[in-house]
Structure formats: C-alpha cells, structure tokens
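For the protein sequence lines, the chains are A and B, in the order given. Heads up: the first sequence begins at 1 in this note's numbering, then just goes up one per residue. Heads up: the second sequence begins at 1001 in this note's numbering, then just goes up one per residue. Ideal Cβ placement from N, Cα and C applies to all residues, glycine included.
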Amino acid sequence: MQDEHAAIDQRGHRMKQAEPIEWTGYLFVAFFAVPFLLFNVGPILFGLFVSLTEWNIIGSPDWVGAANYLQALSDPWIHQAFTNVLIYGLLIVPGVVVLGLGAALFVNAGYPLTGIARTLFFAPHVVSATVIGLVWVWLLDTRYGLINVYLGRVGVDPIPWLTSAEWVIFGVSIASVWWDMGLAFVLFLAALQDVPKDLLEAAEMDGANRIKRFWFVTLPLIRPALSMVVTLQLIATLRIFSQVYVMTNGGPAGASASPIHYIYNVAIERYLFGYASAIGVLLFILILVVTLLHRTVLRETV
Amino acid sequence: MSMVELRNVRKSFGPVDVIHGVDLDVEEGEFVVFVGPSGCGKSTLLRLISGLEVLTDGELSIDGRSMRGISPSARQVAMVFQSYALYPHMTVADNMSFALRMEGVPRRQRRAQVEEIARTLRLEDLLDRKPRELSGGQRQRVAIGRCIVRKPKVFLFDEPLSNLDAELRVQMRVELTNLHRDLGVTSIYVTHDQIEAMTMADRIVVLRDGVIEQVGTPTELYERPGNRFVAGFIGSPKMNFLSGELRELTAAGIGVAIDGQLGDPLRFDCPTDGMQVGDQVSIGIRPEHFVEPDESGARLRTTVGSVEKLGDEAYLYAPDNPAGPLIVRKQGRAAASRAYDDIELGLDAGLCHVFDRNGVAVANGGTTNR
Chain A
1 MQDEHAAIDQ RGHRMKQAEP IEWTGYLFVA FFAVPFLLFN VGPILFGLFV
51 SLTEWNIIGS PDWVGAANYL QALSDPWIHQ AFTNVLIYGL LIVPGVVVLG
101 LGAALFVNAG YPLTGIARTL FFAPHVVSAT VIGLVWVWLL DTRYGLINVY
151 LGRVGVDPIP WLTSAEWVIF GVSIASVWWD MGLAFVLFLA ALQDVPKDLL
201 EAAEMDGANR IKRFWFVTLP LIRPALSMVV TLQLIATLRI FSQVYVMTNG
251 GPAGASASPI HYIYNVAIER YLFGYASAIG VLLFILILVV TLLHRTVLRE
301 TV
Chain B
1001 MSMVELRNVR KSFGPVDVIH GVDLDVEEGE FVVFVGPSGC GKSTLLRLIS
1051 GLEVLTDGEL SIDGRSMRGI SPSARQVAMV FQSYALYPHM TVADNMSFAL
1101 RMEGVPRRQR RAQVEEIART LRLEDLLDRK PRELSGGQRQ RVAIGRCIVR
1151 KPKVFLFDEP LSNLDAELRV QMRVELTNLH RDLGVTSIYV THDQIEAMTM
1201 ADRIVVLRDG VIEQVGTPTE LYERPGNRFV AGFIGSPKMN FLSGELRELT
1251 AAGIGVAIDG QLGDPLRFDC PTDGMQVGDQ VSIGIRPEHF VEPDESGARL
1301 RTTVGSVEKL GDEAYLYAPD NPAGPLIVRK QGRAAASRAY DDIELGLDAG
1351 LCHVFDRNGV AVANGGTTNR
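So, in structure tokens, the structure goes:
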C-alpha cells in the first residue's frame, strides 16, 4: 500500500505523499456540519456582534459598544422577565420531576391499564405547544374553564388563572408541566426499568419497606436520569416562550413575560435587534450559570 | 423438628404450574442443595422459602413457625443472589450493614458488627470500596457477609458461583463449605452444577419439572439413583444408558444382557413383580465403572470413535455402539487406546444399574461377578 502513495521527487528521493483525503468521510460529516455552522454557530457569532450594535434589520448596524448591555441592566421589563423565568423554573422543574417520576413509578409498577397510562402520559409531549396553550387557555378560563368548575364544586372561588398578576405564572406553569411531563416520564421510565430487580429484592430481604427501597436503592440508581431531566427541563424552562405567547402574550402587565418573550417583543415588534441580541446573550449567560450550578450539585454518577 | 418444612407446596404463575406439590424437610445445620436442569423450579422453590414469591398452595414453616403472610425480612432468612445484588452506590461496609440500618441499629454498633464479619471473610481492607472496584470473588464474599450480618436461621444461595470463572468457583466452593462448617447455619443452595451439589451438600434434592425426583446424600444418589433422570444427572461424564433385554427371571432376581453383550448375563437380586423374560430394559453404567475384561465374563466389544486424553486418564467415546453411545473412562496405561481401535470392556453387575421401560430403577448394583 505504501508504495502506491510514494512518489519520487526531483532529486530522485522517494518521498511519502500525505494520506489521500477521505472526502467521503467529510461528505457524511458535512450533512451535519454545514447546517450546524450555517444555522447555529453563524447566528451565535452574528448575534454577539449585533448585540454590540444598534440595528433595525434594514441598513447596516451602528456600533454602540456595551450600550445595549448597560441599558438592559436598568430595564425594569427585563428585571420582571428574568424574575418571572426564575419563578417558572421553581414551579415547572420540580413539577415536571415529581409528576414525571410519579407517573413513571406508576407505570413501572405494572398495575392493570398501565399500557394506556403510558400512552396518555406521553401524549401531550407530541402535541405542539400552541395547541397545548390554546387548550389550557380554555381549561383555565376564569368563568367557564373546567378547572374552576371542578374547583367550584369543592367550594373554591373562581381563580383568575390567566388574568391576574398573582396567578398567571401558576396558570402558565400548570400547562407547561402537563406538556413537558411526557419526556421526563419516558426518561424516568427507562431508568426505572434499568434498575435490577435483584437489588430491590435484596433490599426487601434486608428489611427495607417500599418507601425505603425507593429512597435507598431506586432513587440513587436513577440519579443520572434525574440529573438529565432537571438539566433539560431547566434549559427548556429558562427559554419558555410558546406557552406564554399563546396563553397570555406576557400579560397582564408583563406579569407572565419571559426573557424570550421580551426578546421577541423587542426584536419582532419594535425592530430593536441590537438590544434584543444583548438580552439574548444575558439569557445565555443565565442558562450557563444555572446549568453549571446544578451539575455540580447533582453530579451524574451512581 | 426440622428447620425448614415444606408440605405439598405448589406454585403457579398464571396458568403455568411451576411447582407441583413438594414435600421436604431440611434439618437444622444441614447443607441442602437443590439441583436440576434449568426450568425445573429450583430457584422458584428457593424464592418461595425466601418469601419473595408467595405460595399458591401448601404450607411452609421455618423453625416451627408458619410463614403464611410473613414478609421476607421477617423470616430470619438471608439470600445470596446469583448477581450478588450488591448496592452499587454504597460502599462494602454500607452494603453489609444495610439490613442493620433498616433495623435501626446505631451506626457505631453497625460498624463494629460489620468489621467483625469482614475479618472472617478477609474483607477488612475493602470496607470503604464500592462494589465495582472489587473482583468477582470479593463481591461474592461481600454478598455472603451481608447475609451473615443478619444472623439468619437459614441461608439461601441462588446459584451464587455461576458468575465466577472455573478456578475461582472451585476455591469459593471450598470457602463456602468451610464457612458452613464454622457457622453451622442451615443452608439451602440452588445450582444446576451437579459437581457443586456433590461436593458441598449434606443432602441433594434433585428436581425436574417442579417435582422432587429424589432426595439423598451425594453417595446415595451416585450409588442408588431412583431413576434414569437422577442417574444421568448425577455424575460426570454422564452415566451410559445401554439398551438390553431381560434374559433370566428367578424368585430371587433377574438376569439381563446388553444388546451385543458377550458372556454371562448380568445378575441382580431384586423384586421381580410384573417382569417377564424378554422385557426391554435400560442398563446404566458409569464411564468410570467399566472393568478389565476376562475371557468368559460379561463383556462388550465396541469401536472407539474418538479419545480425549487428560494426562493420566482418558475418555473414550464410542458413539456408534449398537446398544447406545458409550463414554468410557480409562486410567493409567489402559488409557493408550486410539480412535478406530476395537476394544473389549468388562462389565461388573455390581457396578451396573437396571431401569425399566419407564425409567424407574429396578436394581442398583447386582451380584458382582468379579
């Protein structure tokens, strides 16, 4: 083989040519790499650049340095949106983890009808957020919504789920949990099915009751899945948009607005692309910090 | 009073009956081995005793106490699992003390107890390691230690050596036997490996299809198997089963001859109810039980198909023997046979077994003609 690649230079020395480039390999990689560079890396770098400019999409961007960032830090709407998103995180992430894990435990226990339950738990996840949002707007309607109707039967006064500043974050969170639970459920179920039955039986013989078996054996063993669900859900929640846009459009008075929703408003409605990009970068930093923090707390080891 | 008593124990999984009415007594301090091919119900029987499975019917008592409705942890039994089932996220010490922790034993006392047992099992340097940092044999010892800590009345072993390599298996076999001798705790041990059964058991329970085929000491099962199944299962290589015919019938017993046999029939003292001259029988001879042929005695002539040499002994295989395939163990100089040799094998009725058409042993060891 080597001789085929060897050539003779002008002075008559045999010299080894470089290995021929495997273009086929690059071609396969290109299917991913080109779109990734074009649609991910490119826009990120461009966004960083735009965040340092003033630009309304028509004409060329004007360099303004850190002005957008300084403005963002004193913008009350941004404070509101970032506070909201932290509250969303505190509601949605635990909600998804607890309900997703609960549903997975139920299905994993193999009670009758768990086959149907499996489908039902996962079903919301395949529906688009817009549909989920519209359905929940209807369900959470203050006067005619099913939720308030049922609450009314047990004597609870109608709750203005989507129309009061106090309740709106809860309203949007309920819909989000319901939507996001499906994926968490599937991930937890897969992890639970990987827990060796022997271990649970050994724990049973060691005198651990159902709750202790869960706490001392199951939970430590599904920790990688738990960590993954929390990471994915944290990131998804910090980027929450569709539900907010469809259900409340950020209202009332910005009480349910999220950073992405605000970015959308600033960019698409007000054409302040430079400012919007700066907020985007700030959100990126927030997500990075939260994820790193959480990963050091919940290390992915068994 | 027996330590473990099973009375007409049955177990079904849905429509499938797995254990069909088992009666068994295990005495205190005894080492009993359940052996049988896969699917015979031996592990299920063990799990019924442990409480991990619930009896469909029958009675089970441990140390005189009925186990009906008693949870696995309250039965004072401990189990070593085939996979060891060590908690991967806990250290060796935590694994061993988990049961004590569940009982609410204070930490310091737990540590003391674990350390004491770790010394006897040579685990004291490994107490702070995780199971994944241990070798197979060490994991095995931790699994055993975890059982000892609980001071159970009965140890249950579910094929504990099947994940170990051959050499370690032999070593652990000896260790387990010694441990049983030192602790004296009643032990029930499940295996499909008849060598483990033979070497470790005080008594062996041979199971097939959820039924006990025979219970006895290793020697009893080897010398006096109750039927063809037990005869074939105990001993390695397997007993040869050769087709033959009942030639003589007297008040005292029978004479049988293997198809193609030379010399006198093999004579056995045994009850002869219902037997007739001309009945087809099966004659069982272990590979190690062929003798030097003499000129007038009972003997077989056959052609060697292949030879496995193992140093001072050899196994001769004669797959085309007319009365049925043969394996013969030869020792010393006699092991020099080669493939395609015609050989003569001497038969000693004292070392032969006769099985009737249904596989039931009619006679184990007849009148020796040596």
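Using 7 Å as the threshold, is the C-beta distance between residue i and residue j below it?
{"i": "residue 106(A)", "j": "residue 185(A)", "result": "no"}
{"i": "residue 1064(B)", "j": "residue 1001(B)", "result": "yes"}
{"i": "residue 280(A)", "j": "residue 47(A)", "result": "yes"}
{"i": "residue 1131(B)", "j": "residue 1086(B)", "result": "yes"}
{"i": "residue 178(A)", "j": "residue 220(A)", "result": "no"}
{"i": "residue 213(A)", "j": "residue 203(A)", "result": "yes"}
{"i": "residue 135(A)", "j": "residue 256(A)", "result": "no"}
{"i": "residue 108(A)", "j": "residue 192(A)", "result": "yes"}
{"i": "residue 239(A)", "j": "residue 260(A)", "result": "yes"}
{"i": "residue 1202(B)", "j": "residue 1031(B)", "result": "yes"}
{"i": "residue 1364(B)", "j": "residue 1224(B)", "result": "yes"}
{"i": "residue 1156(B)", "j": "residue 1310(B)", "result": "no"}
{"i": "residue 43(A)", "j": "residue 53(A)", "result": "no"}
{"i": "residue 1286(B)", "j": "residue 1349(B)", "result": "no"}
{"i": "residue 139(A)", "j": "residue 132(A)", "result": "no"}
{"i": "residue 1004(B)", "j": "residue 1026(B)", "result": "yes"}
{"i": "residue 92(A)", "j": "residue 173(A)", "result": "yes"}
{"i": "residue 1210(B)", "j": "residue 1019(B)", "result": "yes"}
{"i": "residue 1237(B)", "j": "residue 1248(B)", "result": "no"}
From the DSSP output, in three-state form, read off residue i for me.
{"i": "residue 1022(B)", "result": "strand"}
{"i": "residue 1139(B)", "result": "helix"}
{"i": "residue 77(A)", "result": "helix"}
{"i": "residue 66(A)", "result": "coil"}
{"i": "residue 1058(B)", "result": "strand"}
{"i": "residue 1150(B)", "result": "coil"}
{"i": "residue 201(A)", "result": "helix"}
{"i": "residue 1114(B)", "result": "helix"}
{"i": "residue 195(A)", "result": "coil"}
{"i": "residue 1013(B)", "result": "strand"}
{"i": "residue 84(A)", "result": "helix"}
{"i": "residue 240(A)", "result": "coil"}
{"i": "residue 264(A)", "result": "helix"}
{"i": "residue 1326(B)", "result": "strand"}
{"i": "residue 1217(B)", "result": "coil"}
Since residue i contacts residue j with CB under 8 Å, what's their CB separation in whole angstroms?
{"i": "residue 1302(B)", "j": "residue 1345(B)", "result": "7 Å"}
{"i": "residue 1213(B)", "j": "residue 1227(B)", "result": "6 Å"}
{"i": "residue 1281(B)", "j": "residue 1307(B)", "result": "Residue 1281(B) to residue 1307(B), Cβ: 29 Å. No contact."}
{"i": "residue 1099(B)", "j": "residue 1150(B)", "result": "5 Å"}
{"i": "residue 188(A)", "j": "residue 104(A)", "result": "4 Å"}
{"i": "residue 1067(B)", "j": "residue 1061(B)", "result": "6 Å"}
{"i": "residue 1081(B)", "j": "residue 141(A)", "result": "Actually they do not touch by this definition, with Cβ atoms about 56 Å apart."}
{"i": "residue 1092(B)", "j": "residue 1129(B)", "result": "6 Å"}
{"i": "residue 162(A)", "j": "residue 171(A)", "result": "5 Å"}
{"i": "residue 1317(B)", "j": "residue 1332(B)", "result": "At roughly 19 Å, the Cβ-Cβ gap does not stay under 8 Å, so residue 1317(B) and residue 1332(B) are not in contact."}
{"i": "residue 1205(B)", "j": "residue 1230(B)", "result": "Not a contact, Cβ separation roughly 11 Å."}
{"i": "residue 1258(B)", "j": "residue 1300(B)", "result": "6 Å"}
How would you label residue i, buried or exposed, when you count the other beta carbons within 10 angstroms and need 16 or more for buried?
{"i": "residue 243(A)", "result": "buried"}
{"i": "residue 88(A)", "result": "buried"}
{"i": "residue 1119(B)", "result": "exposed"}
{"i": "residue 55(A)", "result": "buried"}
{"i": "residue 1054(B)", "result": "exposed"}
{"i": "residue 1330(B)", "result": "buried"}
{"i": "residue 1352(B)", "result": "buried"}
{"i": "residue 84(A)", "result": "buried"}
{"i": "residue 216(A)", "result": "buried"}
{"i": "residue 1169(B)", "result": "buried"}
{"i": "residue 1323(B)", "result": "buried"}
{"i": "residue 1250(B)", "result": "exposed"}
{"i": "residue 1015(B)", "result": "exposed"}
{"i": "residue 1171(B)", "result": "exposed"}
{"i": "residue 1007(B)", "result": "exposed"}
{"i": "residue 308(A)", "result": "In the structure displayed, chain A extends from 1 to 302; residue 308(A) sits before or after that span and is not available."}
{"i": "residue 79(A)", "result": "exposed"}
{"i": "residue 1141(B)", "result": "buried"}
{"i": "residue 2(A)", "result": "The pLDDT assigned to residue 2(A) is 45, lower than 50, so where the model puts this residue is not dependable; a value taken from the coordinates is nonetheless given after this. The residue is exposed, with fewer than 16 neighbouring Cβ atoms inside 10 Å."}
Going by the C-beta, is residue i closer than 6 Å to any heavy atom of the ligand COA?
{"i": "residue 156(A)", "result": "With respect to the ligand COA, the structure offers nothing, as it holds no ligand at all."}
**Prompt:** Any contact of the region 1179-1197 of chain B with the region 1031-1051 of chain B, i.e. 3+ C-beta pairs under 8 Å?
**Reply:** yes
**Item:** Cβ pair count under 8 Å reaching 3, the region 111-121 of chain A against the region 280-293 of chain A
**Value:** no
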